[in-house]
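Under this note's numbering, the first residue of the sequence shown carries the number 13, and numbering increases by one thereafter.
Idealized CB from N, CA, C, for every residue including glycine.
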Amino acid sequence: MFEQYPWIEPVLIGALVVFVLDLIGNLISFSNRFMNALATAIVFAVVFGGLLYSGVLRLDVTTVAAPPAGTMAPATTTP
């Protein structure tokens, strides 16, 4: 199944990580919605930043250069 849909594995891993971090944030926040959201965001930022800094996690972002806007051929219409 993972061969046919390669994006499922990182999504499932990410969902599991966010679920665990949200549980930790809920334990820290003492039943206040705003503090819950803030605690979850802080815990996520610390864990995610730590994983990026330590090299365990890498973000491979590639950019594709688009041709300049003036180089496109004009559209032709057929009657």
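| Item | Value |
| --- | --- |
| Does A49 pass the burial test, meaning 16 or more other C-beta atoms within 10 Å, or should it be called exposed? | exposed |
| So, at 8 Å on beta carbons, what are the nonlocal neighbours of D34 in its own chain, with the 5 sequence-adjacent residues on each side left out? | T52 |
| Express the C-alpha separation of D72 and P22 in angstroms, rounding to a whole number. | 13 Å |
| For G37, does the count of other Cβ atoms within 10 angstroms reach 16, so buried, or fall short, so exposed? | buried |
| Kindly indicate which three-state DSSP category S43 falls into: helix, strand or coil? | coil |
| Rounded to whole angstroms, what is the Cα-Cα separation between F46 and A78? | 42 Å |
| For F56, which residues in the same chain have their Cβ closer than 6 Å to its Cβ, ignoring the five residues on either side in sequence? | L33 |
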